[in-house]
Amino acid sequence: MVPNIAATTNLLQGVSLSPRFHADADTDTETNLDISRSTATERDSDVTAASPYDGDVEFAARSYAGQTQQQSQPQAVSAASASANFPNSSASLSAFGTAPREAPSHSWAVGDPSQLTSNDRAETPHSEAPVPISTPDTIRDYIRKAIYEPDPLRDYRINLPPDGGRNPNRPVRIYADGVYDLFHYAHSLQLRQAKHFFPCVHLIVGVVSSASCAQHKNEPVLNSAERYASVRNCRWVDEVLEDAPWIIDQSLIDRLQIDYVAHDEAPYASKDGGNSDIYRFCKEQGKFLPTLRTPGVSTSELLGRIVSQYRQHSFDDKLAKIGLHFD
Numbered sequence: 051m052v053p054n055i056a057a058t059t060n061l062l063q064g065v066s067l068s069p070r071f072h073a074d075a076d077t078d079t080e081t082n083l084d085i086s087r088s089t090a091t092e093r094d095s096d097v098t099a100a101s102p103y104d105g106d107v108e109f110a111a112r113s114y115a116g117q118t119q120q121q122s123q124p125q126a127v128s129a130a131s132a133s134a135n136f137p138n139s140s141a142s143l144s145a146f147g148t149a150p151r152e153a154p155s156h157s158w159a160v161g162d163p164s165q166l167t168s169n170d171r172a173e174t175p176h177s178e179a180p181v182p183i184s185t186p187d188t189i190r191d192y193i194r195k196a197i198y199e200p201d202p203l204r205d206y207r208i209n210l211p212p213d214g215g216r217n218p219n220r221p222v223r224i225y226a227d228g229v230y231d232l233f234h235y236a237h238s239l240q241l242r243q244a245k246h247f248f249p250c251v252h253l254i255v256g257v258v259s260s261a262s263c264a265q266h267k268n269e270p271v272l273n274s275a276e277r278y279a280s281v282r283n284c285r286w287v288d289e290v291l292e293d294a295p296w297i298i299d300q301s302l303i304d305r306l307q308i309d310y311v312a313h314d315e316a317p318y319a320s321k322d323g324g325n326s327d328i329y330r331f332c333k334e335q336g337k338f339l340p341t342l343r344t345p346g347v348s349t350s351e352l353l354g355r356i357v358s359q360y361r362q363h364s365f366d367d368k369l370a371k372i373g374l375h376f377d
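Residue numbers for the sequence shown follow my numbering, beginning at 51 and rising by one.
This is the structure we're talking about:
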């Protein structure tokens, strides 16, 4: 059984968590699961043990904490038999699970909504998006193949999901972590992937403190509390771990009862060069789920856009309105 939030918070003793449960989504009947949302403490932490990654998908990999619960142990089951119970894209299982319903999107510039697929008359054509957005079924098919039909070039294997990832009473606990500075759509798409990997997922997102960012990477634009709030209000996130550690170890996995850590699989080295891949431990444990990066946008790339437009004086009027004047 998944622990309740009150018991979890008592267990953590100082670990900052912002719990949030979603309704059971994408079903016509919309059978609600436990829906609760607490307000996290909004503060800028000086904890130096936290950890981020500020790329396209900003460090994905931590899960919410759990009471000392009876976690499902790996079962002696063949990949073939387990795969038979795994969500298949051909089964179109997007109508079942814990992910929220996909929000519809329309263009005011297009008179007939039925023409949205071509979107030729829209002021901002969909073709300007860097890549097509994957459907939930496509995401699940991708992770199914990663687990049951592993790429021989991949140097790690992935554990089978508990209960096939389909039990709402035992959702798969996925942890993603990062800096999440200037929270943008590549961040939300990475978290969306993690939420859609299995039908029943509890997604915990670890956000590192500004002090830890400065120690391990660079000072973020938004302070800790602002970044915690940005992530907490993403529709795919069930829970936020504030002051998340920079490197995931066994104590974090045990304390948060993490089934998987989600992040893109390119090796992510530590700043001091002492660790060539800070996610290596998770990969060796069979607890690493590879997410796909969104090309064309990252926090660094957005900062470059801002600097470029600033140098062209595009923001002069905006800055003047708030009393800022620069030469």
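Ideal Cβ placement from N, Cα and C applies to all residues, glycine included.
Note that the structure is a prediction, hence the values are computed from the model and not measured.
Status (buried if at least 16 other CB within 10 Å, exposed otherwise) for residue i
i: His237; result: buried
i: Lys245; result: buried
i: Leu306; result: buried
i: Arg282; result: buried
i: Phe376; result: exposed
i: Lys267; result: buried
i: Arg190; result: buried
Alpha-carbon spacing of residue i relative to residue j, whole angstroms
i: Val194; j: Tyr230; result: The question names Val, yet the displayed sequence has Arg at residue 194. Taking the straight line joining both Cα atoms gives about 27 Å.
i: Pro317; j: Asp327; result: 5 Å
i: Ile298; j: Phe338; result: 11 Å
i: Asp304; j: Ala226; result: 15 Å
i: Glu269; j: Ser259; result: 10 Å
i: Pro295; j: Val257; result: 8 Å
i: Arg343; j: Arg216; result: 26 Å
i: Phe331; j: Ala370; result: 50 Å
i: Pro340; j: Glu315; result: 5 Å
i: Tyr278; j: Val290; result: 7 Å
i: Gln362; j: Gly373; result: 19 Å
i: Pro200; j: Phe247; result: 16 Å
i: Gln117; j: Ile254; result: Any reading at Gln117 needs caution, since the residue's pLDDT is 37, under 50, leaving its predicted position unreliable; the model's value is listed next. Roughly 15 Å separates the two Cα atoms.
i: Gln243; j: Pro150; result: 12 Å
i: Gln300; j: Asp366; result: 50 Å
i: Leu241; j: Ser262; result: 22 Å
i: Val347; j: Ser280; result: 17 Å
i: Asn273; j: Leu302; result: 24 Å
i: Asp48; j: His313; result: Only positions 51 to 377 of the chain appear in this structure, which leaves residue 48 out of reach.
i: Ile356; j: Glu276; result: 19 Å
Paired residues, beta bridge with residue i - DSSP
i: Arg223; result: His252
i: Tyr230; result: Answer is none; Tyr230 lacks a bridge partner.
i: Leu339; result: Ala312
i: Val257; result: Gly228, Glu292
Other residues of its chain near residue i: CB distance less than 8 Å, five sequence neighbours each side excluded
i: Leu353; result: Leu232, Val271
i: Asn325; result: Ile297, Ala319
i: Gly336; result: Tyr206, Arg207, Ile208, Asn209
i: Asp322; result: none
Cβ neighbours of residue i in the same chain (closer than 6 Å, five flanking residues each side left out)
i: Asp213; result: Arg220
i: Pro211; result: Val222, Phe248
Neighbourhood of residue i by C-beta distance below 7 Å, restricted to the same chain and skipping five residues each side
i: Glu334; result: Tyr206
i: Cys410; result: For residue 410 there is no data in the structure shown, the boundaries of the chain being 51 and 377.
Residue-chain proximity (residue i, chain D), Cβ-Cβ < 8 Å
i: Tyr329; result: Checking the listed chains, one finds no chain D in this structure; it contains a single protein chain.
>> Quick check for students: name the residue ranges of the beta strand (DSSP E) that lie wholly in the stretch 263 to 336, counting only runs of 3 or more.
In response: Qualifying beta strand (DSSP E) stretches, in chain order: 289 to 292, 310 to 313.
>> Please give me, in chain order, every unbroken run of the alpha helix (DSSP H) with length at least 4 that falls completely inside the stretch 178 to 215.
In response: 186 to 198
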